[in-house]
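Trainee:
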Amino acid sequence: MSIKQFEDLKVWQASREFITLTYKLTSKPNFKTDFGLKDQFQRASVSVMNNIAEGFERDNNKEFVRFLTYSKGSAGEVRSLLYVALDLEYISESEFLEHYNLAIDIITQIANFIKYLNKTK
């Protein structure tokens, strides 16, 4: 069975969950006044999902891999921002770990998908 639309990709579905978690996390009171961090957090998280979708719609593996790389980078950016939020005590250790582990899972899925696509050139 081949994938016909990006919504069928497990990594896109996971990144959609990632966004929901990010928006819940950044709705906490400590983020209310830190507009810069909140905005960057949300933008980077949304970028993970959107780059997967945009790359898929390019209809060629080389372009798709390029956009998956952007997506992976954005997930790394979110991981880095999580440390900022933790260090500023905007989030708890358990919230950090939940989001961090999901980011690692998405990064791993993207990396494996890139390897697969590079083999099928």
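In our numbering, the protein residues as written are 855 to 975. Just so you know, even glycine gets a beta-carbon here, dropped at the ideal spot from N, CA and C.
#1: For the region 875-889 against the region 912-920, do three or more pairs of beta-carbon atoms, one drawn from each stretch, fall closer than 8 Å, so that the two count as touching?
#2: Among Asp-888, Gly-930, Asn-915, Phe-885, which one has its Cα closest to the Cα of Val-902?
#3: Does the structure place the region 934-949 close enough to the region 894-913 that three or more beta carbon pairs sit under 8 Å?
#4: I'd like to know whether the C-beta atoms of Leu-891 and Ala-965 end up nearer to each other than 8 Å.
#5: When you compare only the Cα positions, how much space is there between Tyr-944 and Tyr-970?
#6: Cα separation between Val-900 and Glu-952?
#7: Taking 8 Å as the cut-off, decide whether the C-beta atoms of Phe-860 and Ala-907 are in contact.
#8: Assuming Ile-960 contacts Ser-869 (C-beta within less than 8 Å), just tell me the rounded distance between them.
#9: Quick one, are the C-beta atoms of Leu-956 and Phe-872 less than 8 Å apart?
#10: For Leu-891, which of helix, strand or coil comes out of DSSP?
#11: On the DSSP letters alone, give me the boundaries of the alpha helix (DSSP H) that Asn-915 sits inside.
Mentor: By the coordinates alone:
#1: no
#2: Gly-930
#3: yes
#4: no
#5: 38 Å
#6: 18 Å
#7: yes
#8: 6 Å
#9: yes
#10: helix
#11: 915-941
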